[in-house]
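Novice: Chains as they are written, first to last, in our numbering: chain V, -6 to 337; chain G, 320 to 589; chain R, 69 to 403.
No residue lacks a Cβ here, since even glycine has one placed at the ideal position from N, Cα and C.
If you're wondering where the values come from, they're calculated on a predicted model, not measured in any experiment.
Take a look at this one; I'll ask things after.
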Amino acid sequence: MTTTELALIEVRELKVQFDARRSDGGKVLLKAVDGISFSIQAGETFALVGESGSGKTTAGKAVLQITRPSSGSVRYAGQELTTLKGRALAKARAGMQIIFQNPFSSLDPRMSVGAIIAEPLRLAGKFDRAARHKRVVELIERVGLPRSALDERPTNFSGGQRQRIAIARSLAAEARFIVCDEPLSAIDVSLQAQIIALLQEVKREFGVTYLFISHDLGVVRFLADRIAVMYLGTIVEHGPAEQVFTAPLHPYTRALIAAVPIPDPHIEQQRKGKLLIGEIPDPTSPRSGCPFASRCAFAQARCATEVPLPQQASVGREVACHFWRELPAPLTFLPARDAGNRIS
Amino acid sequence: MNILSGIAAAFKAHPFGAAIVLLAALGALAAPSLSPFDPTALVALPNQPVSATHWLGTDFLGRSVLARILYSLRPALLVALITPLLAALVGVSIGVVAGMSGRRIDALLMRFIDGLYALPGLLVALMIVAALGPSLWTVILALSISRVAVFARIARAQVGVVTTADYVDASRLAGAGPLVIIATHVLPNISSPIIVEAFIAASTALTTEAALSFLGLGIPPPMPTLGMILREGLPMIQYAPLPVASAGVAVLVGVLAINAVEDLVRRVLP
Amino acid sequence: MSQPGTPAVLEMRDLRIRYHTAAGKVIQAVNGISLRLERGEVLGVVGESGSGKSTVGLAAMGLLPFEARPAAEGELRVRNRLLAGMSAAELRAMRGTDIAMVFQDPMVSLHPQLTVNKQIVEVLEKLSGHKDKAHRQRATELLRQVGIAGPERVAQAYPYELSGGMRQRVMIAMAIAGEPAVLIADEPTTALDVTVAAQIVNLLLELRQRLGMAMLYITHDLALLAGVADRIIVMYGGRIVESGDIRDIYARPQHPYTRALLGSVLRIDRPTRELRPIPGSPVDPGNLPAGCAFAVRCPERMDRCTLELPMPVNIGPGHVAACWRLVPVNDRGPV
């Protein structure tokens, strides 16, 4: 990917591995993130998409160094973060923030909402009490909550309202780069649009860059400039969102898109029978070759033994598949064999 | 204003508990002025029953039982107050340091705490007092040490829960160092169980001190303590049960008072 | 479609359910629901939290909590038998045989300490009334029917060893064991990955075909429903605001709420130009306003809407909506 500007976030061969225990008691290495590389330009919304077990949440936390990577490089505004600790890391991470998936554990239940939003201001050290208060009032109203909310505890608020508070907190920290980790999952469907709208306004007004992690492809299609599709810890495809959605190249991306229902009965009636079989395999079991091979309808002998490296399909577009050029054009998808529903 | 109105409301809800607290506090603080007699002076014939001049009679030496009880409330209060404070200070510090440090230091500290926890409280207190010689402060020290482990464990467990919470990650991202996190997030969130434990420690301190005094290893004379009164009165219990009875009741009242205060505190705190 | 005159497998007439909380508050969960589910049909029940949709499903199973039962009014019939008159034993006999339910989170609904086999056999024993060696075989057969390859191994597993999709298949196996006439599915795929959800939906439709089962499919997901339901009812504040054939409603939604819901779905097959969030928050069933519950958030609200409950209006064959805007002008009264 060629760019004349320095990317805001530059990730290279990021790996995050955990020691885990299998259900039978054996110790095993869990490769949550298995070597991913991508970059995010300032001002864009980059989506990391995948289902459970894809490693997308771990990847997001690893970029922020909340979870420390096992290996690989993460550069923020040109500075390498993985080698820093303590004060140096805190300084280098200035401007990085996160909106968590669970709005019920992301706010300290013992603090008042005002104190929660003021905390980053206090940590920055450059505001006196009056200035802090003024800023906090500005922010709480900016996210659509009343001033009176400042004296209350988070427990009095709904999931959607808490996410607004979390967004206000990020703004207080003068965030330039916000990782949104499935911010809509715990919110009522009719309220999700409100939060999406708020995130967009914040982006327009403050020029924030988003790493948007989600499994909801409809939301991603609306918000994302570029997307990367993850499966079992690797990126199988990435590129401009519009292109990936209209012309997906990787078999998994195609299956994923084919599985998302469309609110039109006529279309849905005709889409039957094109299903991805099986489920995501045990992430702790050893694997060779392409991680998707066990479920891929187009898999061949090579796929089981040789790991496909990302290949450039066009400008800004990469696919990790041996046979992406040979896949049939229409989005049809027939199970070639029964991969079985193994116990995970 | 919030606290005062809270206290008033709590008093209204539990008049009996409130009365006990006030009584005990008054007695403890105002003992010297309330007491009509010197607790060490011989004021009448020994083993006298209840009378107009001596409301609780006299003990085996002829000293006023009422005076001795009133004066013994002071050290009791001191012990009940200071022991949990000291134990909490040390215990919570150990627990917080263990929880915020790396695996090795954590393991080291908590194994030490486990060892301390395994020893029976009374035994530990006895050993320390015996080694250092009985005095008010060695007793307080001994009792505190015997309670440190519980506080450390509670604190460590809570710290574990809090530090893995998302909001702490958010704070770290905003630049908060470990000290800030401890002050802003850890301590307020562990305060509840610590406060509850503090009151338990207070009651235990009271009764353990009485036990130590009863065994002769508590605060030495001339200061009268409830345990001492119990011990002195025991041989005469068939003829002059008053000293034993009043000391026993006083301990009971003390524990009830501590419980009443705890209830009050829990209503006032959020 | 069924022949006219045959009784519906599930029928509700003006069902009203109120919960009395311990604090003395009254929650009007369901406020006059009428529906008919014919044999082999899939009726979608759409609503958000607080709409009462889950309560409707529980009511059909006779599973309302103690706080609600005395306050349930209206008629509820399963296979033409009135639920209100049934004893506890009759209700128990009905469940699994005539009507069964699949819940949202199988991790919570399956017993964590019993193997899959034991749980299915338990259901079979209850259905047949006695223990039988053949149950074990039937259990394995049921697992195969719900698309589990290697069912013998899965039967020996505990729920925690299985993936989300597998657990849901197990739940479905338990539900269809008695070949019920009605299956109530309450958000069966919400907790699952999208590719797995598609498999489960496919399975349910397949079973409906094979067993002639009718389904009450409860969900908030309008896109999902498009591929599942024949007819739908849209619930808000415990009432039906619109109902009819799914194709009619999706093509020409009449009620402002239905329109807003459909309009707020972010589609994957075309770019959405403008985001149109519904203002406000879903109505609190413990605090229902007079008049139309949606009026407060409705972009087309009139004065009458906050005063009087709108009556259902016939839009077309089988298509009904309850909105004052749909009533012909001279019938509306003073505006």
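(1) At which residues does the beta strand (DSSP E) containing R/ALA97 begin and terminate?
(2) Taking contact to mean at least 3 C-beta pairs separated by less than 8 Å, is the region 492 to 499 of chain G in contact with the region 540 to 547 of chain G?
(3) Suppose you measure from the CA of R/GLU229 to the CA of V/ARG61; what does that come to, to the nearest Å?
(4) In whole angstroms, give me the CA-to-CA distance for V/GLN200 and V/SER307.
(5) For the beta strand (DSSP E) that contains G/ILE470, what are its first and last residues?
(6) With 16 as the cutoff for other CB atoms within 10 Å, does G/LYS331 come out buried or exposed?
(7) Quick check: what's the CA-CA separation for R/ALA76 versus R/GLU109?
(8) In whole angstroms, give me the CA-to-CA distance for G/LEU341 and G/GLY494.
(9) In three-state DSSP terms, what is V/SER151?
(10) Within 10 angstroms of its Cβ, does G/LEU571 collect 16 or more other Cβ (buried), or is it exposed?
(11) Would you decide whether V/GLY118 is buried or exposed? Buried here means 16 or more other CB atoms lie within 10 Å of its CB.
(12) Taking the C-alpha atoms as reference points, what is the distance between G/ARG472 and G/VAL487?
(13) Suppose the cutoff is 8 Å on Cβ atoms and the five residues either side in sequence are ignored; what does the same chain contact list for G/ARG491 look like?
(14) With DSSP as the reference, label V/ILE238 as helix, strand or coil.
(15) Taking only beta-carbon atoms, is V/PRO279 less than 8 Å away from chain G?
(16) Flag V/PRO113 as yes if its beta-carbon sits less than 8 Å from any beta-carbon of chain A, otherwise no.
(17) Which residue marks the beginning of the alpha helix (DSSP H) containing R/THR208, and which one marks its end?
(18) What is the rounded straight-line gap between the Cα of G/ILE519 and the Cα of R/MET303?
(19) Once the 5 residues before and after R/ARG81 are set aside, which same chain residues still bring their CB inside 6 Å of it?
(20) Is R/GLY218 buried or exposed, if buried means 16 or more other CB atoms sit within 10 Å of its CB?
(21) Alpha carbon to alpha carbon, how far is V/LEU57 from V/PHE270? Give it in angstroms, no decimals.
(22) Give the interface partners of G/GLY573 over in chain V, defined as CB-CB distance under 9 Å, in chain order.
(23) Looking only at its own chain, which residues have a Cβ that is under 7 Å from the Cβ of V/LEU(-1), when we skip the five neighbours before and after it?
(24) If you run the structure through DSSP and keep just helix, strand and coil, what is R/GLN224?
(25) Out of V/LYS49, V/GLN34 and V/ARG68, state which residue places its alpha-carbon closest to the alpha-carbon of V/LEU41.
(26) Report the residue ranges of all beta strand (DSSP E) runs contained in full by the region 240 to 280 of chain R; include only those spanning at least 3 residues, in chain order.
(27) Rounded to whole angstroms, what is the Cα-Cα separation between G/THR402 and G/ALA468?
(28) Identify the continuous beta strand (DSSP E) that holds V/GLN305 and give its terminal residues.
(29) Against chain V, with Cβ distances strictly below 8 Å, would G/GLY494 count as a contact?
(30) So if I threshold CB-CB distances at 7 Å, which residues from the region 288 to 318 of chain R count as touching chain V?
(31) Measure from the alpha carbon of R/GLN277 to the alpha carbon of each residue in R/GLU255, R/VAL250 and R/GLN181, then state which is nearest.
(32) Between which two residues does the beta strand (DSSP E) containing R/VAL364 stretch?
(33) Hey, quick one: how far does the beta strand (DSSP E) through V/ALA142 stretch, first residue to last?
(34) Buried or exposed: which applies to V/THR298, given that a residue is buried once 16 or more other Cβ atoms fall within 10 Å of its Cβ?
(35) Taking the alpha-carbon of V/GLY18 as reference, which of V/ALA292, V/PRO284, V/THR277 and V/LEU184 has the nearest alpha-carbon?
(36) Using a beta-carbon distance below 8 Å, is V/ALA25 in contact with chain G?
Specialist: So, to answer that:
(1) Translated into the one-based positions of the third sequence, residue 97 of chain R becomes position 29. Note, R/ALA97: beta strand (DSSP E), 94 to 105.
(2) no
(3) Here residue 229 of chain R is taken as the residue at index 161 of the third sequence, counted from 1. Here residue 61 of chain V is taken as the residue at index 68 of the first sequence, counted from 1. Each residue's Cα considered, the two are about 29 Å apart.
(4) The count along the first sequence starts at 1 and reaches residue 200 of chain V at position 207. The count along the first sequence starts at 1 and reaches residue 307 of chain V at position 314. The question names Gln, but residue 200 of chain V in the sequence shown is Gly. Those two C-alpha atoms are separated by around 28 Å.
(5) As a first step, residue 470 of chain G must be located in the second sequence, where it is residue number 151. The sequence shown places Phe at residue 470 of chain G, not Ile. Unbroken run through G/PHE470 is the alpha helix (DSSP H), 455 to 482; no beta strand (DSSP E).
(6) Your numbering for residue 331 of chain G matches position 12 in the second sequence. So G/LYS331 counts as exposed.
(7) Counting from 1 along the third sequence, the entry for residue 76 of chain R is found at position 8. Counting from 1 along the third sequence, the entry for residue 109 of chain R is found at position 41. If I take the Cα positions, the gap works out to 10 Å.
(8) Walking along the second sequence from the start, residue 341 of chain G turns up at place 22. Walking along the second sequence from the start, residue 494 of chain G turns up at place 175. Between G/LEU341 and G/GLY494, the C-alpha separation is close to 47 Å.
(9) Locating residue 151 of chain V in the first sequence gives position 158, counting from the first residue. Coil at V/SER151, not helix or strand.
(10) As a position in the second sequence, residue 571 of chain G is number 252, starting the count at 1. Burial call: exposed.
(11) Position 125 of the first sequence holds residue 118 of chain V. Under this definition V/GLY118 is an exposed residue.
(12) Your numbering for residue 472 of chain G matches position 153 in the second sequence. Your numbering for residue 487 of chain G matches position 168 in the second sequence. Each residue's Cα considered, the two are about 21 Å apart.
(13) Position 172 of the second sequence, counted from the start, is the residue given in the question as residue 491 of chain G. Hits under 8 Å: ILE500.
(14) Numbered from 1 along the first sequence, position 245 holds the residue referred to as residue 238 of chain V. Looking at the sequence itself, residue 238 of chain V is Phe, so the reference to Ile does not match. Of the three classes helix, strand and coil, the one that applies to V/PHE238 here is helix, per DSSP.
(15) For the purposes of this step, residue 279 of chain V is taken as residue 286 along the first sequence, with counting starting at 1. No, no contact with chain G.
(16) No chain A appears in the structure shown, which is made up of the protein chains V, G and R.
(17) Indexing the third sequence from 1 puts residue 208 of chain R at position 140. Here the alpha helix (DSSP H) through R/THR208 covers 202 to 213.
(18) Mapped onto the second sequence, residue 519 of chain G falls at position 200. Mapped onto the third sequence, residue 303 of chain R falls at position 235. Rounded to the nearest angstrom, the two C-alpha atoms are 53 Å apart.
(19) Within the third sequence, residue 81 of chain R is the residue found at index 13, counting from 1. Excluding sequence neighbours, R/ARG81 sits near SER102, GLY142 and GLU143.
(20) Here residue 218 of chain R corresponds to residue number 150 of the third sequence, with the count starting at 1. Under this definition R/GLY218 is an exposed residue.
(21) One-based indexing of the first sequence puts residue 270 of chain V at position 277. One-based indexing of the first sequence puts residue 57 of chain V at position 64. Checking the sequence, you will find Ile at residue 270 of chain V rather than Phe. Looking at the two C-alpha atoms, the distance is approximately 35 Å.
(22) Sequence index remark: in the second sequence, residue 573 of chain G carries index 254 (1-based). Simply none; closest approach about 32 Å.
(23) Translated into positions along the first sequence, residue -1 of chain V becomes position 6. Hits under 7 Å: GLY71.
(24) Reading the third sequence from its first residue, position 156 is the one you call residue 224 of chain R. Coil.
(25) In the first sequence, residue 41 of chain V corresponds to position 48, counting from 1. It is V/LYS49 whose Cα lies nearest to the Cα of V/LEU41.
(26) 250 to 254
(27) One-based indexing of the second sequence puts residue 402 of chain G at position 83. One-based indexing of the second sequence puts residue 468 of chain G at position 149. Cα to Cα, G/THR402 sits roughly 13 Å from G/ALA468.
(28) As a position in the first sequence, residue 305 of chain V is number 312, starting the count at 1. Unbroken beta strand (DSSP E) run through V/GLN305: 304 to 307.
(29) As a position in the second sequence, residue 494 of chain G is number 175, starting the count at 1. G/GLY494 counts as touching chain V.
(30) HIS288, LEU290, ALA291, LEU292, ALA294, GLY295, ILE314, ARG315 and TYR318
(31) Your numbering for residue 277 of chain R matches position 209 in the third sequence. Looking at the Cα atoms, R/VAL250 is the closest of the given residues.
(32) The sequence position of residue 364 of chain R within the third sequence is 296, counting from 1. No beta strand (DSSP E) holds R/VAL364; DSSP gives it neither H nor E.
(33) Against the first sequence, residue 142 of chain V aligns to sequence position 149. Here V/ALA142 belongs to no beta strand (DSSP E), and DSSP marks it neither H nor E.
(34) Within the first sequence, numbered from 1, the residue matching residue 298 of chain V stands at position 305. Its Cβ having fewer than 16 others within 10 Å, V/THR298 is exposed.
(35) As a position in the first sequence, residue 18 of chain V is number 25, starting the count at 1. It is V/THR277.
(36) Walking along the first sequence from the start, residue 25 of chain V turns up at place 32. Chain G, which has no Cβ nearer than 8 Å to the Cβ of V/ALA25, makes this no.
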